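In what follows, a structure is listed as structure tokens, so that the remarks can point back to it.
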Amino acid sequence: MSRRPPMQKNSKDNYRVKGRGEQKGQKAGKEAPKYAKSGGNNQSGNSSRSDGSNKSGVNNKSGGSHSSGKKYTDGYSAKDLGKLSESSKKDFKKGGSNRVHYDNDFIFWCRECNLPLIGEKCGVCGSNGDKITLSQPADVRFAQGYDYDLIEKHLLDLFSCNPLKNRVLLLNKIPGDDQTMEIIADGRVVGMLRFDLKILDFVFEPTLEGSKLFFNEPYNFASAERVVKIGKAKAHLNGKNVTYDLIEEFPSGIKKGETVLIVSGNLTGYGISHADSEDFYRVKKENESASSAMSTKSDAEIKAAQILKVKSITSDDPSSFALSDKMPTMDDVVAANKDYIKALGKDAMNTIKGAVNLKDNKEKPVFVSFSGGKDSLVVLDLAASALVHRPFTAVFLNTGIDYPETVEFARSYCESRNIPFEEMSAGDDFWKTLKVQNHPTKDSRWCCKVCKLNSSNRLGDGKPHLSLDGKRRQESFMRSKIPTMDINPNVEGQLNIFPIRDWRAIEVWLYIHWRKLPYNSLYDNGLERIGCWMCPAAFQAEYERMKEIHPELADRWETYLTNWAKKAGVSDAYVKHGFWRWEQLPPKMIKLAEELNIDIEKNESF
Ligand code: SF4
1337 MSRRPPMQKN SKDNYRVKGR GEQKGQKAGK EAPKYAKSGG NNQSGNSSRS
1387 DGSNKSGVNN KSGGSHSSGK KYTDGYSAKD LGKLSESSKK DFKKGGSNRV
1437 HYDNDFIFWC RECNLPLIGE KCGVCGSNGD KITLSQPADV RFAQGYDYDL
1487 IEKHLLDLFS CNPLKNRVLL LNKIPGDDQT MEIIADGRVV GMLRFDLKIL
1537 DFVFEPTLEG SKLFFNEPYN FASAERVVKI GKAKAHLNGK NVTYDLIEEF
1587 PSGIKKGETV LIVSGNLTGY GISHADSEDF YRVKKENESA SSAMSTKSDA
1637 EIKAAQILKV KSITSDDPSS FALSDKMPTM DDVVAANKDY IKALGKDAMN
1687 TIKGAVNLKD NKEKPVFVSF SGGKDSLVVL DLAASALVHR PFTAVFLNTG
1737 IDYPETVEFA RSYCESRNIP FEEMSAGDDF WKTLKVQNHP TKDSRWCCKV
1787 CKLNSSNRLG DGKPHLSLDG KRRQESFMRS KIPTMDINPN VEGQLNIFPI
1837 RDWRAIEVWL YIHWRKLPYN SLYDNGLERI GCWMCPAAFQ AEYERMKEIH
1887 PELADRWETY LTNWAKKAGV SDAYVKHGFW RWEQLPPKMI KLAEELNIDI
1937 EKNESF
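Numbering follows our numbering, in which position 25 of the sequence shown is assigned residue number 1361; successive positions increment by one, without gaps.
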């Protein structure tokens, strides 16, 4: 098992606002830290100002004109909203597809200290980091806990060694059929973990850069059993399928679909095997004997003889990428980023103060929506620091299908910090509703209303109130346009304030580690997102992990799904591969059904 970069221990350090522009250890007038985020709170036109006033854009979903003076049902006048409304400079734009493009898609990497930076300058050595552009949506985070075990398992399975052990690793979630993450080590994308819906397991694939690691000492010895040797090719090999006759060495133990390392003359790279080792030797033998008998090979035989696909190959010397000897801890990473994260925290606190101190908001009760997850944890801590003279209550909407760890953490965190806590429970409503209608799906989430909205509508007795919320724009397309403040059209009287909407996951985690906040243990146990344990909106990878963490909960749900499948007339495989999570299957699942030969037609009544 890997040793992870040690996390900081909890402390009760206080975090209070210093004078304007001043931070702990930083005198007023000192140059403000430069952010990696091009459109974050400090630089965008919709940031809250450092004097506590707010010039954020407000998304008025009630549909009235801002200048009409009309009173809205929740107590906010259009005039009030207009005062706040200033056109926001968005740091995202629509790409050619339906996908949002975020401009804050980079971080820096300090080569001296070998660690990531959210701003250009390293707070430890003072040098400027190299800019690292991230794949969209660039909501990058640290690998932690189980992530290290997962990476180690797959590297050992494939290459019999783990060059990434004990390193600070970043995981960057990218689009894919299911959970897919780029792995960043030493400031380079070295590979990708992709959950394969066919085999219901993760698959590791190196990048060309990452593949170099396995050709270098000391890892080349262990990974030798994964190296396929190809004879000198007359044409380019990149992206090409390679037939058996070009292959000089093919180690035993390779399975179809697995990643292999490739050597061809002075070229090195990686590819995917189309065949098991045994198949390669059988095809080679059959074709050679056919060839010696002067027979003509059929197209089918030639196709069958395509043994692997070269994904990427280069003449670069593999030693051009050697891992650094520097192995920083999480404490080092926090120290290197401290000025930036402090400034981000201060900015978010100013957003909170600016919003709650608006004339119309001064008398309204303040709630912090606390889900037990990392984002709302940060907002709760920011609120505790920002609202010293303004009472607030942490509200936990217990859906009745939350992970036990989440419920326990939400309660114990608030109790240990003397934070007023209100738990609003949906009780058994989920299971009762399930008796009269089909389970919720990604495209029909009745659970949100039954398990969350019904409770939240009791908040503040429906009277005007403020709710601090940890939603972030980079979490999803749906959240990509959230403004700093927003009337919640679904909850009577609620004005939401989103103080960390521009933060990315890496900033959230840096804040948590800097503040030494305890956090939900599920994050160290393989879950990136904390929601309900059977959530249809979760990745299949997360569902599979849930089965390992809580087999007793999984049993209950699988019993339901098995009975449902019988009534719906679908197979066990339909349930097993996660088709139940949709009412209308998307193209990727229809394709998967074809590949797995799964009948997706349900009975008429479904
Ligand atoms: S987290 Fe998932 S299961 Fe829970 S209410 Fe939301 S969509 Fe439904």
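Cβ atoms here follow ideal geometry from the backbone N, Cα and C, with glycine treated the same way.
Treat the numbers as computed from the prediction; the structure is a model and nothing was measured.
Rounded to the nearest whole angstrom, the C-alpha separation of V1702 and P1473 is 32 Å. Spanning the alpha carbons of Y1855 and T1650 requires a straight line of approximately 43 Å. Excluding five sequence positions before and after G1546, the CB atoms of its chain that fall closer than 6 Å to its own CB belong to V1526 and G1527, given in chain order. Sorting L1723, D1711, K1568 and G1690 by C-alpha distance to the C-alpha of I1848 places D1711 at the top. Taking 6 Å as the cut-off, the C-beta of A1873 counts as close to a heavy atom of ligand 1. Restricted to the region 1572-1630, the beta strand (DSSP E) segments that are unbroken, complete and at least 3 residues in length are 1577-1579, 1583-1585, 1595-1600 and 1603-1609, listed in chain order.
Annotation note: the region 1790-1865 contains the following uninterrupted beta strand (DSSP E) runs of length 3 or greater, listed N- to C-terminal: 1801-1804, 1821-1823 and 1830-1833. Remark: the C-beta of C1784 is in contact range of ligand 1, defined as less than 6 Å to any heavy atom.
In this structure, DSSP gives R1435 a state outside helix and strand, which the three-state scheme calls coil. DSSP places W1445 in the strand class (E or B) of the three-state scheme. Inside the region 1676-1718, DSSP marks whole beta strand (DSSP E) runs of 3 or more residues at positions 1702-1705, from first to last along the chain.
Straight across, the Cα-Cα distance linking A1890 with L1582 is about 48 Å.
One thing to note: V1476 has its Cβ within 7 Å of the Cβ of N1508. The residues N1498, in chain order, have a CB closer than 7 Å to that of L1492 in the same chain once the five nearest residues on each side in sequence are set aside. Ranked by Cα distance from E1614, the options F1495, I1598, A1641 and G1465 are led by A1641. DSSP places D1537 in the strand class (E or B) of the three-state scheme. For the pair D1765 and F1732, the Cα-to-Cα distance works out to about 16 Å.
By the 16-neighbour rule on beta-carbons within 10 angstroms, V1724 is exposed.
With a cutoff of 7 Å on beta-carbon distance, R1917 and K1778 are scored as near each other.
In this structure, DSSP gives S1547 a helical state, which the three-state scheme calls helix.
When secondary structure is reduced to three states using DSSP, D1738 falls in the strand class. For V1911, the secondary structure class from DSSP, reduced to helix, strand or coil, is helix. If you draw a straight line from the Cα of F1444 to the Cα of M1666, it is about 16 Å long. Between N1673 and L1846 the beta-carbon gap is near 5 Å, inside 8 Å, which marks them as a contact.
CA-to-CA, the gap between G1465 and L1506 works out to about 16 Å. Of I1936, I1510, G1523 and T1735, the smallest CA-CA separation from L1500 is found for G1523.
In the three-state reduction of the DSSP assignment, L1507 falls in the strand class, which pools E and B. Straight-line spacing of the CA atoms in I1590 and S1600 works out to 18 Å.
E1553 is the residue among I1520, F1616, E1553 and E1880 whose C-alpha sits nearest the C-alpha of D1653.
Taking non-hydrogen atoms of ligand 1 into account, the C-beta of G1736 is found less than 6 Å away from none of them.
In this structure, DSSP gives D1522 a state outside helix and strand, which the three-state scheme calls coil. In this model, L1494 and V1911 are separated by some 29 Å (Cα to Cα). Using a Cβ distance threshold of 7 Å, Q1515 and A1929 do not count as a contacting pair.
The closest CA to that of Y1617, considering only F1657, Y1580 and D1797, is found on Y1580.
Check the Cα spacing between F1834 and each of V1564, I1842, R1815 and W1850: the tightest is with R1815.
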